[in-house]
Amino acid sequence: MQNKGLVKLFAVLFGLVSIYQLSFTFKNNQIDEAAKTFAESKHDNPDDINAEEVRYIDSLSNIEAYNMGIASFTGKEVKEKAMNLGLDLKGGLNVILQISVKDILFGLSNNSKDPAFNKALSDAQEIQKNAQESYLESFFTAWEVVKGDQKLASPDIFANRDLDDVIDISMTDADVKNKLQEKVDESIVSAFEVLRKRIDQFGVTSPNIQRLGNSGRVLVELPGVKDVQRATELITTTAQLQFWDVAKPGELGTFLNQANEILKAKLDVDEKEEAVEVQDTVATDSTDTKDSTIDDLLGETSTDSTAVKTVVNPIGDMIVAVYPNTQGGLFAIESSNKELLASYLEMSEVRAALPANARYTKFVFGLPYIANAETGIEYIDLYALKGNRDNEPELSGGVVTDARQSFSQSNQPSVSMQMNAKGSKVWEEMTGRANQNQSQIAIVLDDIVYSAPTASNGAISGGNTEISGNFTVKEAEDLANVLRAGKLPAKAEIVQADQVGPSLGKEAIESGTKSFLIALSLVLIWMILYYGKAGIFADIALLLNILLIFGVLSGLGAVLTLPGLAGIVLTIGMSVDANVLIFERIREELGKGKSQKEAVKDGFANALSSILDANITTGLTALILFVFGTGPIKGFATTLLIGILTSLFTAIFITRLLVDWYVNSGKKLDFSTSITKNLFKNNKINFIGKRKVAYVVSGILIAVCLGSLFTNKLDQGIDFVGGRTYQVRFDDAVSSEAVAKDLTAVFQSVEVKTIGSANQLKISTKYKVDENSVEVDEEVQTMLFNGLKSYLPEGLSYADFSEGKNNIGKVLSSKVSPTIADDIKRESLLAVLGSLVVVFLYILFRFKRWQFSLGAVAAVFHDVIIVLGIFSLLYKFMPFSMEIDQAFIAAILTVIGYSLNDTVVVFDRIREVLAERAGFKGGVNINSAINSTLSRTLNTSLTTLVVLLAMFIFGAESLRGLLFALIVGVVVGTYSSVFIATPLMYDTLKNKGIAPPKEEDSKK
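Every letter in the sequence shown is one number past the one before it in the numbering used here, and letter 735, counting from 1, is 733.
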């Protein structure tokens, strides 16, 4: 092998980088464990423990938590660099939101009362239930039916005052459609920005939010979120943009001093010590900024940040800067103290101290920022807004007609905003008042101050305003998006949701780790038992492969899910295939009498073509799965793709490096043991002669499977039909039939299955499946709780049931609306068909004969039908879920990849044998090729099966259906590559009288 030094360098570098990346995960786990231990030592109540854990972790956010010697990292940086766990491993919430284009259109029409327009909106909603087009397309379809002589560009609909610079009455409906598409796209971007800001403020570790194409759908993943109800409300509430007058600092100085005195009297000693202990975990250098202004405003404060503090001013001790040294707020605090300060200011005793003319003051915070890059400490400003009895702003975001990022006269980033006539009048009054009082106006979205500009140039008339400040271009763009979002509020409906309780996530990690270690151990032992010392080298390469997989996952910031872990375990089984191919070819070369060095050289060279073809075909199916999959399924595809790449590197280069080192040292390497030395040697099985028997057997199997598919059908999960599913655990075993009878009286239609142990049920219902509001979700869950009360422990509250507290109650829930279920079904079908087409073309390209492609694709169809048929035959009898869902589609695509992997290896050897011996010779050469690969075929299949069985037996309950499909797929895939793909290729090509063309890489 050439460039051994370079390979060694890359291997060492890749290994060190992987260890470096994974070290953050280990450190993060230590921090989490320390936080849990600390919290449990302080509290007994689970809610208090959770809150204390969060406070402990937050306290380390901006101070050194990990020192590697050459570099140090804060707690926040460690958390960001650690491997992200999906919600199925960590618990949490995963939702797909549909931004309501109906609401956007209604808002653009200025809430039109036109009957035809509103009927078109309603009819479009119905069309969407069975359509693949966008809502806007459905709206135009409905409009064509009901419009009569009307045009969309009428003053009663879209040619209104708010859109007078966009749409005029001379426009045709086609013109209006283009303009509406632009406005809808702009609104979805704005809504996405609002969601992103909200989630950033929620404080969830490693949240993920991304747009799903141009469908108006947004994926939101919140691993580890505790308060699911609050999170749901946060991401579904319509954005509320408001403009408020800001109170000046001097107006509230007396009140804040009184608030300190009230708090000092109210807080007992234990509470004071606890509050201080959490705050003092962060060593801050910023106390030097407290000057006489703070003393005048709030009284004396401690300036010794290293000493043990006592609470002198519960509020004042938090302050790090006061106006005008803040970003515009009354004063600044560290972000970690936000919740504590908010709780102080909301106390009834504290609010009672507000002066009569400020009794309705609203205290809100701005966006977090870092004032000093060296310390990296995150601050947040407090604003006091001049509220009123009705808690209504003087001006709302509905008056904003447009907003754009621009540049001021001094070439600094700014925002240009335009209001309608009504808003312009109020804005002129507000800016005039702010100019006279030398105060600010706060731009507030979702109770967060995005900007608080002054009106230094006097009252602004006409509503055309430039907002300037210390903005970056990105910040100005975000503010413009926020302002536009206020003009077009659109609710976000949850069309798909998965909620996993923390206890289920913990079990998944434990079972996943256990199955992973068992599978790995079995593979490592098998390779040594079968290949002797060479197996040790393969094991070293495999261990490095696993290190690289986890290192790459961590470095890319990818999310590790339970299916992703299954993908890694499957990769372990499949990654030995390359080593098996290499070792089998070396054994063949040794059998021809070649020297050890020559056999190793030729063995690696001859195996390369098969290794590349096999991995490329599997990789193509994994790539299609990655493109079409979402959430956990994308995680499965990600780990599979990474595993294929790292497997190729370790098998081709690392194993070669180790084998060459051993052989060049003059030592003997047999690539077998005394038991396996003569296994599968000199096989003379007449596979082609038995093809008709195989055709009959397969024909009967396919007929039975198709019969079951047409009569018994499949157990379609909610991914494909829509509905709500809950996994509920009980204290003791329960009867699924009895529970189903009770719940049928509640929901009319319900399906109840025992999952795993007898005390765990999976409950599915289509009750109000078309309604996606949070209120309906809560209603259905309440009905479920009431229907199960007689089976639950006495005294179990609804809240405890919802959280699955103490592992009793709801531990998992899922929801899929019929609209998105239809899309999932379509995308799944496209994924399967797409993979077949891609693989057909690749095999055609590699083997130059369509007969090879036909044989391979026919074998894949054979395998898929049998897997589907077995699921159809057995789903009513198996003690685990055999629902057809997205995970099952992942399994089918993996079966396709595995079956093709096997088939391509056999085809590659057939091509090589035919190139050497010229012609079929009645199938003799075909049989010879199959027999020569039999050792590899069985070895790889058995290894993969062992891995899958370990995962199936010891792994998580939720993966059993997926793993069962893979197990069946491996068995039938191995069979079909020998008895279906190859015979079909032979029967369609033998009458041509020609052999497949020779290729350079076939002349071994």
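All C-beta atoms, glycine included, are put in the ideal place defined by N, C-alpha and C.
Using only the alpha-carbon positions, how far apart do residue i and residue j sit?
i: Lys996; j: Glu914; result: Confidence is the limiting factor: at Lys996 the pLDDT is only 43, short of 50, which leaves the residue's position unreliable and the question unanswerable from this model.
i: Met781; j: Pro791; result: 17 Å
i: Ile716; j: Lys808; result: 17 Å
i: Ile928; j: Tyr789; result: 59 Å
i: Gly562; j: Phe626; result: 16 Å
i: Gly555; j: Ile894; result: 28 Å
i: Asn60; j: Tyr342; result: 24 Å
i: Val52; j: Gly84; result: 19 Å
i: Gly395; j: Arg387; result: 20 Å
i: Ala490; j: Trp242; result: 26 Å
i: Arg159; j: Asp883; result: 49 Å
i: Phe859; j: Leu912; result: 26 Å
i: His41; j: Tyr377; result: 28 Å
i: Leu1041; j: Leu217; result: For residue 1041 there is no data in the structure shown, the boundaries of the chain being -1 and 1002.
i: Val865; j: Val966; result: 6 Å
i: Ser16; j: Lys504; result: 25 Å
i: Pro391; j: Ile890; result: 56 Å
i: Ile992; j: Met983; result: Because Ile992 sits at a pLDDT of 44, beneath the cut-off of 50, its placement in the model cannot be relied upon, and the following sentence gives the value as read from the coordinates. Rounded to whole angstroms, Ile992 to Met983 spans 13 Å at the Cα level.
i: Leu393; j: Gly460; result: 15 Å
i: Met880; j: Ile761; result: 14 Å
i: Leu704; j: Ser930; result: 34 Å
i: Glu344; j: Leu91; result: 29 Å
i: Ile29; j: Ile55; result: 7 Å
i: Arg349; j: Ala172; result: 57 Å
i: Glu955; j: Ile507; result: 12 Å
Using the three-state DSSP reduction, which class does residue i fall into: helix, strand or coil?
i: Ala1008; result: The structure shown does not extend to residue 1008, since the chain is modelled only from -1 to 1002, so the question has no answer here.
i: Asn82; result: strand
i: Leu794; result: coil
i: Gln256; result: helix
i: Asn676; result: coil
i: Val865; result: helix
i: Arg215; result: strand
i: Glu390; result: coil
i: Tyr358; result: coil
i: Leu982; result: helix
i: Val164; result: coil
i: Asn370; result: coil
i: Leu558; result: strand
i: Lys760; result: strand
i: Glu376; result: strand
i: Asn27; result: helix
i: Ser800; result: helix
i: Gln238; result: coil
i: Thr287; result: Reliability of the predicted coordinates at Thr287 is poor, the pLDDT of 37 falling under 50, and the value obtained from them is presented with this limitation in mind. If DSSP states are grouped into helix, strand and coil, Thr287 belongs with the helices.
i: Tyr789; result: helix
i: Asp668; result: coil
Rounded to whole angstroms, how far is the Cβ of residue i from the Cβ of residue j, which I believe are closer than 8 Å?
i: Gly565; j: Phe634; result: 4 Å
i: Gly971; j: Asp861; result: 5 Å
i: Ala440; j: Val732; result: With 8 Å as the limit, Ala440 and Val732 do not qualify as a contact, their Cβ atoms being about 55 Å apart.
i: Gly721; j: Val767; result: 5 Å
i: Arg727; j: Gln746; result: Incorrect: roughly 25 Å between the Cβ atoms, too far for contact.
Determine, for residue i, whether the minimum Cβ-Cβ distance to residues of chain D falls below 8 Å.
i: Val320; result: Absent from the structure: chain D. Only one protein chain is present.
Touching by the beta-carbon criterion (3+ pairs, under 8 Å), the segment 22 to 34 and the segment 78 to 85
yes
Alpha helix (DSSP H) segments (min. 4 residues) lying fully within the segment 805 to 860
816 to 845
Start-end ranges of the alpha helix (DSSP H) lying completely within the segment 483 to 552, minimum 4 residues:
500 to 529
Is it the case that the segment 848 to 857 contacts the segment 524 to 532, given that we only count it when at least three CB pairs across the two stretches are under 8 Å?
no
Determine, using beta-carbon pairs with one atom in the segment 314 to 333 and one in the segment 358 to 373, whether at least three such pairs fall under 8 Å.
yes
Check whether the segment 669 to 681 touches the segment 578 to 589, counting contact only when three or more Cβ pairs, one atom from each stretch, lie closer than 8 Å.
yes
The segment 874 to 894 contacting the segment 599 to 610, beta-carbon criterion three pairs below 8 Å:
no
If we require 4 or more residues per run, which alpha helix (DSSP H) segments fall completely within the segment 114 to 143?
none
In chain order, which continuous runs of the beta strand (DSSP E) of length 3 or greater are located wholly inside the segment 408 to 480?
411 to 417, 439 to 443, 446 to 449, 462 to 466
Any contact of the segment 66 to 78 with the segment 460 to 471, i.e. 3+ C-beta pairs under 8 Å?
no
So does the segment 409 to 417 actually touch the segment 427 to 436, counting three or more Cβ pairs closer than 8 Å?
no
Say whether the segment 639 to 652 touches the segment 679 to 697, bearing in mind that this needs 3 or more beta-carbon pairs closer than 8 Å, one atom from each stretch.
no
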